[in-house]
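Heads up, the thing below is written out as structure tokens.
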Amino acid sequence: MNFTKSLFTATAVLVASLSTQQTMAQQALTPQQEENLAAFAKMYGYIRYFHPSDEASSISWENFANYGSLEVMKAGNTQELVTTLNRLFNPIAPAAVIYSGQEPSLPSITPPDKAGYRTIAWQHEGVGILNSRNKGGIYKSQRVNRPVEALTANQGWCMVMQTIDANAYRDCEFRYSGRMKVLSDNACKGQLWFRVDNPSRTGFFDNMNSRPVVSDQWQTYTISGRINKDADNLAFGAMIINDGKVLVDDIKLEVKKGDNWVEVPVPNGDFEEYSNNQPGKWQAGKQLDGYNYQTERADVSSGKAALVFSSPKKIINTTRAKPLYDGYPGPGEYTRVQLSAAINCAFPLTLYGTDLHTYPAGDSISLKKLQQELNTTYSKGQTADLPGIRFSAVVITWNIFKHFFAYWEDASATPEQILRNSLKSAATDKSGDDFMITLRKMLAPLNDGHIWVYGGGMPGKTPVGVVLAFAEGKAVIAKLIDTTLADRLMPGDIITHVDGEPVDSVVTRLTALFSGSRQLNEKRAAELLLSGVPESAVKLDLLRNNTSLTATVTRSTTPQAYSAATRKTYPMGWIKPGVYYINLDQEPLDSINPHLHEIAGAKALVCDLRGYPNSNHELLRHMLTKKEKRNWMYVPRITKPDQAEVTYRALGWNLTPLKPHISGKVFFLTDGGAISYAESYLGYVKDEKLGTIIGGATAGTNGNINTVALPGGFMFSFTGMLVKNHDGSKHHLKGIVPDVPVSPTVAGLAAGRDEVLDKALELAEK
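Under mature numbering (1 follows the signal peptide of the UniProt record, and there is no 0), the letters of the sequence shown match residues -25 to -1, 1 to 741, in that order.
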């Protein structure tokens, strides 16, 4: 082969594809184009997740989503669309037939002699195609009787770190930054992290978990905040999560002294110092086994070297995959599905196959041609500025939810509505930032509080230096973070307008981008109501004791400072004679265990769970009087499209009692911000009758999350399983309903009272 000619041809095809996409960018879809894309999206999911041919498992499905979306856009009528769909899918699904009108004769899917053949079919527990390469993951997908790609390790992450003495930087604002990029087709993420170590416990901590690096372009990422006044050490570094490569360069730490930012030396922060490909001054974290980190010299942000993490090597397990569970469709039968009002498809869910190939074998020449076209019309560096990237991200996202999401009965829109609206919005988006909004609006109607969309390069929002809460249907200032605002704002002030816009309107606009329950989204709206461009001014209209006021303030508080200010800070111990208090958001089990005999002897115990537990749910075992074996988590087992005949793998914690037994009154405080693990915790309290729950309903979002990578550097998460209460009743959106409902009042916020805690202390005295 003439390599130069081949490279020229590939480059020419790629340039032509980009030119075509730029021509169609920001153009509204015609009705025919909408129909074309919707039909392609449906066919994509059927073959991607349920047709087990070897050909279908040989392509890049991300590339195929991009390429196929652009190809079907060209079809001018139904017949042209049928022709295009068959041209796209025949090389990877030779037994599938797409047609309009009367069904044609179908290819035989049973070999003349079945000797040496086994049945090949997809089995899903949740969906694990994008992340099941990490051994031990709860979500899995595999083709039965086909080799399984695995990794040499199962940790799932790896980090490097340094520590420096914090004495000279106490109570200083800081900025910790680095250049990063990610190279992966999977759910790989890169993250910087920064931790302040105090004498008694961890202080400031941020690991970019809510905003991971997914872009394949070098960009600067920053963690900022304030170093605690009693800090001993500063620990910082970078990390990789999941399967792929993460590159890091130009690590920098700065602190603010007076009005000036001063750089703190980070030894070998530019990674130019190395020996045997190992960067000097940096040490590996605990989870190194199977991962590799070394000096990279070919792809750097600046200088001559960078750091590169790489995930465990992939191995092909030559042993054929055994069924994940009993049951999958039998061989020899076709499944029939509708792609549009005029187009149908027939394809098998199960095929026969030898060790070498599934039956029937496709046209190898057509498959090779398709693979070449996929590789020459799609580049990893393409962004959502191009419509092909946007359409492919919608196609991939929609199919994950269509076939594997457990809570459609609680969605606010149908799958068809979500698909059509999202395709039309994606067509007219002008940038990656616009498309980020499209993705958020696409997923908001699913009402899953675990849904987050990452990537896209949208700038972060900076809050005003106050904590807000909703009380009596009003947005109320609960606490001042920035004490310099005391001349304009005070706790109890009711905010009526933000930059002239009524608060109700702002909340409606914000929650249109949130997915989750009313009580969870109220918490999120309170956090973001006043947020905006860093250092920008915002005008607030207020009511204070029925008097109208205005105040102009600056958005200058870090999100980390806001988050820290919302946490309850009462110390663990005797909050009143005979009443012991534990903040489960703060205290790890190791801090609680030495006091268990005190706690067990208390007249009453107050457990504050208005946050996220600090790995301390074993405390529940000291409240139990007998073993429990209730199942309340259900992982979907899926072998057929459109969630037909779903069964479940049932799970629970199966807790057993521990001594000493806590026999006094027990009260748990909670609200709409308690999500996921916190709800698992409170589910035991409620259903096993271990205590009295006081406050507001929890978030109504529980179960292990699943994460999906998308073209253009985007990523989203969602709840990958079904969770119920222990008695089998509905949990999703409802949450854990308190035994004693208590909501904050305007007067209580103005007076600085914790009305939920006050109620617990009142009940403890009875």
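The beta-carbon is built from N, C-alpha and C at its ideal position, and this holds for glycine as well.
{"query": "Whole-Å CB distance - I650 paired with L495, under 8 Å assumed", "result": "7 Å"}
{"query": "F445 versus A501 - alpha carbon distance", "result": "7 Å"}
{"query": "DSSP three-state assignment for E271, whether helix, strand or coil", "result": "strand"}
{"query": "Contact the segment 412 to 421 vs the segment 689 to 702: 3+ CB pairs below 8 Å", "result": "yes"}
{"query": "Reduced DSSP category for R154 - H, G, I as helix; E, B as strand; rest coil", "result": "strand"}
{"query": "Residues near L485 by beta carbon distance below 6 Å, same chain, minus five either side", "result": "A500 and L503"}
{"query": "Alpha-carbon spacing of A653 relative to Y587, whole angstroms", "result": "5 Å"}
{"query": "CA nearest to the CA of V481, picked from K227, L505 and G491", "result": "L505"}
{"query": "Contacts around R121, its chain only, beta-carbon distance under 7 Å, and the 5 residues preceding and following it disregarded", "result": "I95, R295 and A296"}
{"query": "K297, DSSP secondary structure in three states", "result": "coil"}
{"query": "Beta-bridge pairing of A317 - partner residues as DSSP gives them", "result": "Paired residue(s): none; A317 is not in a bridge."}
{"query": "Beta carbon of I104 nearer than 8 Å to that of K164", "result": "no"}
{"query": "Simplified DSSP state of K661, which is helix, strand or coil", "result": "helix"}
{"query": "Classification of A3 by the beta-carbon crowding that lies within 10 angstroms, buried from 16 upward", "result": "exposed"}
{"query": "Unbroken alpha helix (DSSP H) run spanning L503, endpoints", "result": "R493 to L503"}
{"query": "Buried/exposed call for N521, threshold 16 Cβ in 10 Å", "result": "exposed"}
{"query": "For K543, the three-state DSSP class (helix, strand or coil)", "result": "coil"}
{"query": "Identity of the residue in I613, Q194 and T389 nearest Y114 by Cα", "result": "I613"}
{"query": "Boundaries (first-last residue) of the alpha helix (DSSP H) holding W373", "result": "P362 to F379"}
{"query": "P546 beta carbon less than 8 Å from that of N591", "result": "no"}
{"query": "Buried versus exposed call for L326 [16 or more other C-beta atoms within 10 Å across all chains shown]", "result": "buried"}
{"query": "Identity of the residue in A31, L209, I669 and A50 nearest R170 by Cα", "result": "L209"}
{"query": "Whether L302 touches D225 by CB criterion (8 Å)", "result": "Per the sequence shown, residue 302 should be read as Gly rather than Leu. No, Cβ-Cβ distance for G302 and D225 is not below 8 Å."}
{"query": "Span separating the alpha-carbon of L(-19) from that of T352", "result": "Residue confidence is low: L(-19) scores 38 on pLDDT, short of 50, so the model does not pin down where it sits. No coordinate-derived value is stated."}
{"query": "Supposed contact pair L599 and L630 - C-beta distance, whole angstroms, cut 8 Å", "result": "6 Å"}
{"query": "Beta-ladder partner(s) of residue 756, from DSSP", "result": "Coverage of the chain is limited to positions -25 through 741, which leaves residue 756 absent and any answer about it impossible."}
{"query": "Length of the line joining the Cα atoms of F410 and D404", "result": "6 Å"}
{"query": "Sequence-distant residues of its chain with Cβ nearer than 6 Å to S511 (five each side left out)", "result": "R530"}
{"query": "Exposed unless 16 or more other CB atoms sit within 10 angstroms - verdict on T127", "result": "Low local confidence applies: a pLDDT of 48 at T127 is under 50, so the model's placement there is unreliable, and no value is given."}
{"query": "Beta strand (DSSP E) runs contained entirely in the segment 581 to 628, provided each spans 3 or more residues", "result": "608 to 613 and 622 to 626"}
{"query": "Beta bridge counterpart(s) of I215 as assigned by DSSP", "result": "C133 and G165"}
{"query": "T138 versus G212, P79 and G507, residue with shortest Cα-Cα distance", "result": "G212"}
{"query": "Complete beta strand (DSSP E) runs within the segment 652 to 728 (minimum length 3 residues, chain order)", "result": "667 to 670, 680 to 684 and 690 to 694"}
{"query": "Environment of P593 [buried if 16+ CB atoms lie within 10 Å]", "result": "Rather than Pro, the amino acid found at residue 593 in this sequence is Glu. Flag for E593 reads exposed."}
{"query": "Touching by the beta-carbon criterion (3+ pairs, under 8 Å), the segment 704 to 715 and the segment 454 to 472", "result": "no"}
{"query": "Reference N252; option with closest CA among K231, V283 and A487", "result": "V283"}
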